[in-house]
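K.L.:
Chains as they are written, first to last, in the working numbering: chain S, 374 to 487; chain B, 13 to 126.
Every residue, glycine too, gets a C-beta built ideally from N, C-alpha and C.
1. Pull up the DSSP beta-bridge partners for residue 15(B), would you.
2. Looking at residue 459(S): is its Cβ nearer than 8 Å to the Cβ of residue 486(S)?
3. Under the DSSP definition of a beta bridge, which residues are partnered with residue 95(B)?
4. For residue 390(S), which of helix, strand or coil comes out of DSSP?
5. When the Cα of residue 110(B) is compared with those of 477(S), 463(S) and 428(S), which residue comes out closest?
6. Below 8 Å between beta carbons: does that hold for residue 386(S) and residue 484(S)?
7. Are any of the Cβ atoms in chain S nearer than 8 Å to that of residue 102(B)?
8. Cα separation between residue 453(S) and residue 48(B)?
9. Under 7 Å, CB to CB, which of the residues in the segment 374 to 400 of chain S have a partner in chain B?
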């Protein structure tokens, strides 16, 4: 199993450009999450999904969109990139079960908006 | 509002010394509690978790944590730190029936002196 795979690992965008951060998992996990990590701020939840076709906002959803057409994939879309979106983005998933199951994290995407 | 606080942004300990990282949460009931570790350039890895039962939980790499309901705390400890423990440590809380979302603390960066 590859686990949680994120692409790309690094990206530089210009202000106003758009891009999609890809996330795929091969563990048949229902739940998937997108977090952003800023220095000294911990991880903040952007969006999450409890299954294919179902998504919901987290703590910091503005400027982002997601879709969940399959169990495996959970892409994160930035429509009009802004410098405030410079961050490290982590995708995570977890298996079905109680809400205390651990998260499996990808290795992250480092995004700079200049 | 639900929150997680890690009061120490950066801690330095000598190799072989003991370690305690602090975590406090704010919530009306007992949440699910987690400690994750992040090595540079990597995603997060679960160290240990608490759901219920024995308030002292053991994790990987010789770490343990104690839940104290009266203090709303879940402090992480290790009796003897190794140089390879240098990393960033995150406390996180999850809540029943909220899609497995986690709220993370700001993180504590651990440096280990030879």
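P.N.:
Per the coordinate set shown:
1. For residue 15(B), which the question treats as bridged, DSSP gives the partners 38(B).
2. Yes, the pair counts as a contact, with Cβ atoms nearer than the cut-off.
3. Note: residue 95(B) sits in no beta bridge, so no partner.
4. Residue 390(S): coil per DSSP, three-state reduction.
5. Ranking the options by Cα distance to residue 110(B), first place goes to 428(S).
6. The Cβ atoms of residue 386(S) and residue 484(S) lie closer than 8 Å to each other.
7. Yes - at least one Cβ of chain S is within 8 Å of the one on residue 102(B).
8. Whole-angstrom Cα-Cα distance: 32 Å.
9. Cβ contacts with chain B come from no residue of the segment 374 to 400 of chain S.
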